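Heads up, our numbering is the position in the sequence shown plus 341, with the first residue counted as 1.
Glycine included, C-beta positions come from ideal geometry on N, C-alpha and C.
None of these values were measured; they are calculated from a predicted model.
Contents: one structure, followed by commentary.
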Amino acid sequence: MNRLFKQALITIFFIGQLVLVWALNRSPVLTSSLGQDEALERYGFSLRDVAREAGLVFHHESPCELDKRLDHILPIIASMGASVSAVDFDRDGWIDLYVVNSREGSKNALFRNLGNGRFEEVADKLGVADLNQRGTGVCQGAIWGDIDGDGYEDLFVYKWGKPELFRNNKGKSFTRLTDTAGLPEWVNANAAVWLDFDRDGHLDLFLAGYWADDVNLWNLATTRMMPTSFEYAKNGGNKYLLRNRGDGTFEDVSKAMGVQSTRWALAAAAADLCGTGYPDIVIANDYGVPEFWHNQRGKRFEEIGHKTGIGIKPKSGMNVTMGDISNSGRLSLYITNISEPGNLVQGNFLFVPQKHEPGTPPRYYDLGPTLKVHLGGWSWGAQFGDLNNDGYQDLYLTNGYISAGKDSYWYDYGLIAGGNTEIIKDALTWPAMKGRSLSGYQRKCLWLNRTGEFIDIAMSVGVTDVYDGRAVVLADLFNRGVLDVIVANQNGPLLLYKNTVSPGRNWVQFDLQARGGNTSAIGALVRCFWRMDGADRLQEQVQVVTGGNGYASQNMRRLHFGLGYNASIEKVVIQWPSGQTQTVLAPKVDTLHRIEESAR
């Protein structure tokens, strides 16, 4: 069989599959849900979107002025950028929200939590709004962390373009540090995380590129800038490990530390996953395999994804988040991909680690299909959190790619998916979108964790939107001891699903402050040991203070543990980023505990 004939068969197969997807996308969208009382009785919580009444009025916009040679596939190119991060930037005890925009000339928003159920937009007034100026690129996400040890969270905004860094002036204003901080001049980044990789007490920065660094999407040198493969592409952006010198500047140590990759990164997360006391880095890559960068005690990083089991199957990674799904004291990894019946059913990864000796990398097994959390549509951001305070972490996922014509579907992926490298990597060979949808109007997923068994109850508890979701954040916005859900949508509104939980379920929260420069305590691991409802079995759940996780998102810095009914906490063990371990005995339930790292 000659090559051309084989290529024709592949193309026909893909088109046939995509026609089936087109038919499936014509089915009506379900929007029914249980009443609040019934949802509370059956599942222990319910959600209601209160964004507008809370003053969170924001509508994301995509880039629209890219190189004219990309106009035919502009919805695909400009399909990223909706981001949200949670932070108490003014340290008044109420969680605020920062949301980025992505259209040239548009403005980002910083919503200050007024503590009365309402938010006030203050980004313009404080100097962190106007970051999409022409010639500087457009925003893709933001993360917060205290880089100078003054106790206030500073702001880093990553872009397709010039990254931006701002020092927080005690919640009253922000000072731009971009031009003096030693940041790369131009990175087409879609992910960044704070971490103290060498445990020197200063927050370092990991920044991951998507498009190659030399690609200017507004003025292309060549249209041959697309991925070289749908499975093994390595012509994406560089990865940067920037060491905080402690004086407001950063040093690029990527090469010296062995962090070199040009896969197409869409998300990253950092935590001590090997038990060495040093944070490792996990990357979700589009068009390829996930990566696991093992931190060798601050001296060097080694990519061992193939050894751990997460870097074996190439898919379309878009999200990395971590959760202790079975109260085992070990963090599982959830990496989202594409699942489109009749087209591309990759399935999302739920990598669960085997028990392993401290100091050695874990071996992961994908239990996504077994636990039925693998099919989530065109999946983007996802987060673990105990939404009904029953003592087990649930999983919220948002999805949807391009919602355009409801009765028209772009089924032309087959024309390029079966092509060779020369076809795939040239944007001019990609078929035009022509106003059609691609995996649009999708129903979201909210998997309730019933002691290790997950069931999707999204619509039943009030999640009925079908926007093109991107970033998800969980945060206790109203200081009630429950997790609310905030979702940023591509070319759509910001949503705030306010959570109502059945009364009587216990909870506990921890707001940590580390010694030294990393007062944010980013990287701290907290293990909570408790009993619920008179049970003999001692529960153990571990959580980590993250410097950015999920897709283009960052949860609130304080950690929230649901405890179930009649709970009593035996102890809480904190592994601080410095390596020190601290134990708190019998902390009170239904309380936010502010804990400072003890002196050595």
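| message | Can you find the residues in the same chain that come closer than 7 Å, C-beta to C-beta, to Asn832, ignoring five residues on each side of it along the sequence? | response | Only His401, Glu402, Ser403, Asp809 meet the Cβ criterion.
| message | Buried or exposed, going by whether 16 or more other CB atoms sit within 10 Å of the CB of Gly903? | response | With 16 or more Cβ atoms within 10 Å of its Cβ, Gly903 is classed as buried.
| message | Excluding the 5 residues flanking Phe591 on each side, which residues of the same chain have their C-beta closer than 7 Å to its C-beta? | response | These residues qualify, in order along the chain: Ala522, Gly523, Leu524, Leu546, Leu583, Arg584, Asn585.
| query | From Glu937 to Asp541, what distance separates their C-alpha atoms? | reply | C-alpha separation (whole angstroms): 18 Å.
| the segment 734 to 745 / the segment 786 to 799 touching (three or more Cβ pairs under 8 Å) | Verdict: yes, contact present.
| Around the C-beta of Gln601, are 16 or more other C-beta atoms found within 10 angstroms, so that it is buried, or is it exposed? | So Gln601 ends up on the exposed side.
| So what does DSSP say about Tyr499, is it helix, strand or coil? | In this structure, Tyr499 counts as strand in the three-state DSSP scheme.
| task | Starting from the N-terminal side, write out each stretch of the beta strand (DSSP E) that is 3 residues or longer and does not extend beyond the segment 451 to 488. | result | Listed in chain order, the beta strand (DSSP E) elements of length 3 or more contained wholly in the segment 451 to 488 are 460 to 462, 478 to 486.
| query | Along the chain, where does the beta strand (DSSP E) that runs through Lys839 open and close? | reply | Looking at the DSSP string, the run of the beta strand (DSSP E) that includes Lys839 is 836 to 842.
| task | State buried or exposed for Ala597, treating a residue as buried only when at least 16 other CB atoms are found within 10 Å of its CB. | result | By the 16-neighbour rule on beta-carbons within 10 angstroms, Ala597 is exposed.
| Which residues does DSSP pair with Val398 in a beta bridge? | Residue pairing for Val398: DSSP places it in no beta bridge.
| query | Considering only the beta carbon of each residue, do Ala773 and Ile414 sit closer than 8 Å? | reply | Cβ distance < 8 Å, so Ala773 and Ile414 count as in contact.
| task | Count the CB pairs spanning the segment 639 to 648 and the segment 892 to 899 that are closer than 8 Å, and state whether there are at least three. | result | Pairwise C-beta distances place the segment 639 to 648 out of contact with the segment 892 to 899, as fewer than three of them are shorter than 8 Å.
| message | Taking only three categories from DSSP, how would you classify Thr521? | response | Here Thr521 sits in coil by DSSP.
| field | Status (buried if at least 16 other CB within 10 Å, exposed otherwise) for Gln724 | value | Looking at its Cβ environment, which holds 16 or more other Cβ atoms inside 10 Å, Gln724 is buried.
| With 16 other Cβ atoms within 10 Å as the buried cut-off, status of Val686 | Result: exposed.
| message | Buried or exposed for Arg410, going by 16 or more other Cβ atoms inside 10 Å? | response | Looking at its Cβ environment, which holds fewer than 16 other Cβ atoms inside 10 Å, Arg410 is exposed.
| Excluding five sequence neighbours on each side, which residues of the same chain lie with their C-beta closer than 8 Å to the C-beta of Gly385? | Taken in chain order, the residues that qualify are Asn729, Asn730, Asp731, Val842, Ser843, Arg846.
| Span of the alpha helix (DSSP H) around Gly377 | The residue asked about is misnamed: residue 377 is Gln in this sequence, not Gly. Going by DSSP, Gln377 is part of the alpha helix (DSSP H) stretching over 377 to 384.
| query | Does DSSP put Lys409 in a helix, a strand or coil? | reply | Helix, per DSSP.
| Beta-carbon gap between Gly864 and Pro620 smaller than 8 Å | In this structure, Pro620 lies closer than 8 Å to Gly864 by Cβ.
| message | Tell me the DSSP secondary structure of Thr669 in three-state form. | response | Reading the sequence as shown, one finds Ser at residue 669 and not Thr. In this structure, Ser669 counts as strand in the three-state DSSP scheme.
| query | Per DSSP, what kind of secondary structure is His901 in: helix, strand or coil? | reply | Three-state DSSP puts His901 in a strand.
| field | Proximity winner among Asp429, Arg475, Thr519, Ser801, relative to Arg444 (alpha-carbon distances) | value | Here the closest residue by C-alpha is Arg475.
| task | Could you check if Asp817 is buried or exposed, using at least 16 other CB atoms within 10 Å of its CB as the buried criterion? | result | Burial call: buried.
| message | Quick check for students: name the residue ranges of the alpha helix (DSSP H) that lie wholly in the segment 753 to 841, counting only runs of 4 or more. | response | Under the rule that a run must span 4 or more residues, the alpha helix (DSSP H) segments found entirely inside the segment 753 to 841 read 755 to 758, 762 to 765.
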